[in-house]
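To start, the structure under review is shown below, and the notes come after it.
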Amino acid sequence: MKLLNTTSTAALAGLLLLMPAAFGAEYYECWDGEKFPAEQITHLASRATVGRKISNGPDVPYGQNHKTRKFTRVPSGVVITTYLIQVDKVDSSIRLFELTSSQWSACGLQSDYQQTLAWRKDIFPS
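Residues -24 to -1, 1 to 102, numbered by mature numbering (1 follows the signal peptide of the UniProt record, and there is no 0), are exactly what the sequence shown covers, in order.
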């Protein structure tokens, strides 16, 4: 008897597809309550470039070995919000910050969301 036949393979594949829906996806939640899919932030971070430290910018972990990418969120009829992605060049960790009242606030990475968030369409890379 085969350990994995076609029927059990198809059933296993179907269950694996349901796992992300059951456990939810990771997302960043910022101070203002806005949520960004971690996948989308990772995609934006892949285009980060090495640059100088931004004046009044957030602290850089591990010294100056980082890349950054800024983007803005433009919701209809509300104030434009600026965000900054920092990518550490040593361990590739990603941090997301939101600019509020001239202060950079770190957005937290969450993983208990019950639904998969759609990619945001109201953000524009700077």
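Backbone N, C-alpha and C fix where the C-beta goes; we use that ideal spot for every residue, glycine too. None of the values given here were measured: they were computed from a predicted structure.
For Ala1, the first and last residue of its enclosing beta strand (DSSP E): Premise fails: Ala1 is in no beta strand (DSSP E) and is neither H nor E.
Closest residue to Thr48 among Leu93, Leu20 and Asp88 (Cα-Cα distance): Leu20
Within 8 Å, strictly: CB atoms of Met66 and Lys43: Per the sequence shown, residue 66 should be read as Val rather than Met. Not closer than 8 Å, so no.
Neighbourhood of Arg71 by C-beta, 6 Å cutoff - its chain only, sequence neighbours within 5 removed: Gln62
Other residues of its chain near Ser(-17): CB distance less than 7 Å, five sequence neighbours each side excluded: A caution first: Ser(-17) carries a pLDDT of 48, below 50, which makes its placement in the model unreliable, though a value can still be read off. Taken in chain order, the list of residues that qualify is empty.
Cβ-based neighbour list, Ile56, same chain, cut-off 6 Å, excluding 5 preceding and 5 following: Thr48 and Val50
Burial state of Pro34 (16 or more Cβ within 10 Å): buried
Pair within 8 Å by beta-carbon distance, Trp7 and Thr76: yes
8 Å Cβ cutoff met for Gln86 and Glu5: yes
C-alpha gap between Gly84 and Ser22, whole angstroms: 19 Å
Which residues DSSP lists as bridging Arg49, in chain order: Thr57 and Ile99
Sheet register partners of Ala42 (DSSP bridge): In the sequence under discussion, the amino acid at residue 42 is His, which differs from the Ala named in the question. For His42, which the question treats as bridged, DSSP gives the partners Asp64.
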